[in-house]
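Input: a single structure, listed below in C-alpha cells.
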Amino acid sequence: MDGNGRWAKRKHLPRTEGHTEGEENLARLVRVAVTRNVGWLTVFGFSTENWVRPRTEVRHILGLHKKLFGRVAELNELNVRIQWMGRPFDSPEARTPKYVQRAIRKAIADTATNTGMVLTVAFDYGSHAEMVHAARAAAAEGTIDQASIARNLYLPALPPVDVMVRTSGELRVSNFMLWQSVGTEVYFTDRPWPEFDGHELDNALALLA
Ligand code: IPE
Ligand code: MG
Numbered sequence: 068m069d070g071n072g073r074w075a076k077r078k079h080l081p082r083t084e085g086h087t088e089g090e091e092n093l094a095r096l097v098r099v100a101v102t103r104n105v106g107w108l109t110v111f112g113f114s115t116e117n118w119v120r121p122r123t124e125v126r127h128i129l130g131l132h133k134k135l136f137g138r139v140a141e142l143n144e145l146n147v148r149i150q151w152m153g154r155p156f157d158s159p160e161a162r163t164p165k166y167v168q169r170a171i172r173k174a175i176a177d178t179a180t181n182t183g184m185v186l187t188v189a190f191d192y193g194s195h196a197e198m199v200h201a202a203r204a205a206a207a208e209g210t211i212d213q214a215s216i217a218r219n220l221y222l223p224a225l226p227p228v229d230v231m232v233r234t235s236g237e238l239r240v241s242n243f244m245l246w247q248s249v250g251t252e253v254y255f256t257d258r259p260w261p262e263f264d265g266h267e268l269d270n271a272l273a274l275l276a
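Reading the sequence shown from the start, the letters are residues 68 to 276 in the numbering used here.
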C-alpha cells in the first residue's frame with residue numbers, strides 16, 4: 068500500500084495523515100473487493116525493512132494496524148475472514164509489539180467462521196524472511212524441495228497471486244510474496260494508495276479477463 072507519504076506531501080499534510088488515510092482507504096477497498104467477488108485480498112501493511120523509519124511514524128502506523136484489526140464488526144458484516152502473515156511472534160527476529168499481537172489474534176478469532184473473502188494483512192513481513200523460515204522448517208523435516216518449502220510458508224493455504232498491484236508509480240518489485248508470484252500479472256498505477264479506488268481495482272482485475 069505504497070504512496071501514503073507522497074499523498075500527504077502533495078496535500079501539505081504530515082506523513083502520518085497519509086497513513087491514516089491509507090488505512091481508511093483499505094476499509095473502503097475491502098468493501099468494494101467484496102462486491103467484485105474477490106476471493107483473496109492480501110495487502111502489504113508493514114515490512115521487515117520499515118522498522119528503521121522515525122519512531123513517531125512507526126508508532127502511528129502501529130496504532131493504525133490496531134485500528135485495522137479492530138474493524139471486526141465491519142468484517143463480520145461483510146463475511147470477511149481476516150488473517151495475518153509476518154515473522155512469527157515467538158521467533159527471535161519478530162518485532163510486532165504485544166498490543167498489536169493481541170489485536171491481530173482477536174480479529175482472527177472473531178472472524179474465523181466467516182466464509183467470504185479472505186483478507187490477509189502482511190505486517191512485519193518480508194518475502195526473504197518468509198523463505199528463510201520455510202527453508203529452515205523444510206530442512207528440519209528432512210527434505211528441501213519445492214513442495215516442502217511451499218507447505219512451510221507462513222500461510223501455505225494462500226493461493227498463488229493472480230494479480231499484484233503496485234501503486235504510486237513504483238515500477239520495482241518489492242519484498243512481497245516473491246515465492247507466490249511466479250507468472251503473476253502486475254498492475255501499475257501512478258495513484259498513491261489512498262486514492263486506489265474501485266475503478267483502479269477493476270483495472271487490475273481486468274488483467275485477468
Ligand atoms: C506506504 O506508504 C506505507 C508503509 C510502507 C507503511 P509510504 O510511507 O511508503 O509512502 P511514500 O512511499 O513515502 O509515498
Ligand atoms: Mg513507500
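We treat Cβ as the ideally placed atom computed from N, Cα and C, and that holds for glycine. This one's a predicted model, so the numbers in the text were calculated from it and none came from an experiment.
Looking at residue i and the ligand IPE, is the gap between the Cβ and the nearest heavy atom below 7 Å?
i, result
"G72", "yes"
"D69", "yes"
"P159", "no"
"N117", "yes"
"S235", "yes"
"P259", "yes"
"F263", "no"
"H86", "yes"
"F113", "yes"
"G89", "yes"
"I175", "no"
"I171", "no"
"I128", "yes"
Relative to the alpha-carbon of residue i, which residue among the options has its alpha-carbon at the smallest distance?
i, options, result
"I149", "A205, T123, L135 and R126", "L135"
"M244", "G70, N71, V110 and L93", "V110"
"S241", "G72, H195 and W118", "H195"
"L225", "R169, V97, S248 and T102", "S248"
"F113", "S158, P164 and N104", "P164"
"V188", "R103, T256 and H132", "H132"
"A273", "D69, G85, R103 and V97", "R103"
"L129", "R77, G72 and D191", "D191"
"G183", "A100, P81, L93 and R73", "A100"
"S158", "L142, R77, R203 and Y166", "R203"
"A170", "G137, M152 and E197", "G137"
"V119", "R162, N270 and L142", "R162"
How close, in whole Å, do the beta carbons of residue i and residue j come, if the pair is a contact with beta carbons under 8 Å?
i, j, result
"V199", "W107", "That pair is no contact at about 24 Å."
"G70", "S235", "3 Å"
"A94", "V139", "At roughly 12 Å, the Cβ-Cβ gap does not stay under 8 Å, so A94 and V139 are not in contact."
So if DSSP puts residue i in a beta bridge, which residue, or which two residues, is it bridged to?
i, result
"M231", "V253"
"W107", "V185"
"I149", "L186"
"Y192", "S114"
Please go through the same chain and pick out, in chain order, the residues whose beta-carbon is closer than 8 Å to the beta-carbon of residue i, but skip the five residues on each side of it.
i, result
"D229", "T251, E252 and L275"
"T83", "A75, T123, E124 and H127"
"A217", "A201, P223 and W246"
"E116", "G193 and N242"
"E144", "none"
"A179", "R148"
"P227", "Q247, S248, V249, G250 and T251"
Please list, in chain order, all residues of the same chain as residue i whose beta carbon is under 6 Å from its beta carbon, the five residues on each side excluded.
i, result
"A205", "I211, S215, I216 and N219"
"E88", "P261"
"D177", "V139"
Is residue i near the ligand GTP, judged by its Cβ being under 7 Å from some heavy atom?
i, result
"F243", "Among the ligands in the structure shown, the ligand GTP does not appear; only the ligand IPE and the ligand MG can be found there."
Does chain B have any CB closer than 8 Å to the CB of residue i?
i, result
"R103", "Chain labels in this structure do not include chain B; a single protein chain is all it has."
Tell me which same chain residues have a C-beta within less than 7 Å of the C-beta of residue i, skipping the five on either side of it?
i, result
"F255", "R233 and L238"
"Q168", "F156"
"L268", "L96, V99, A100 and R103"
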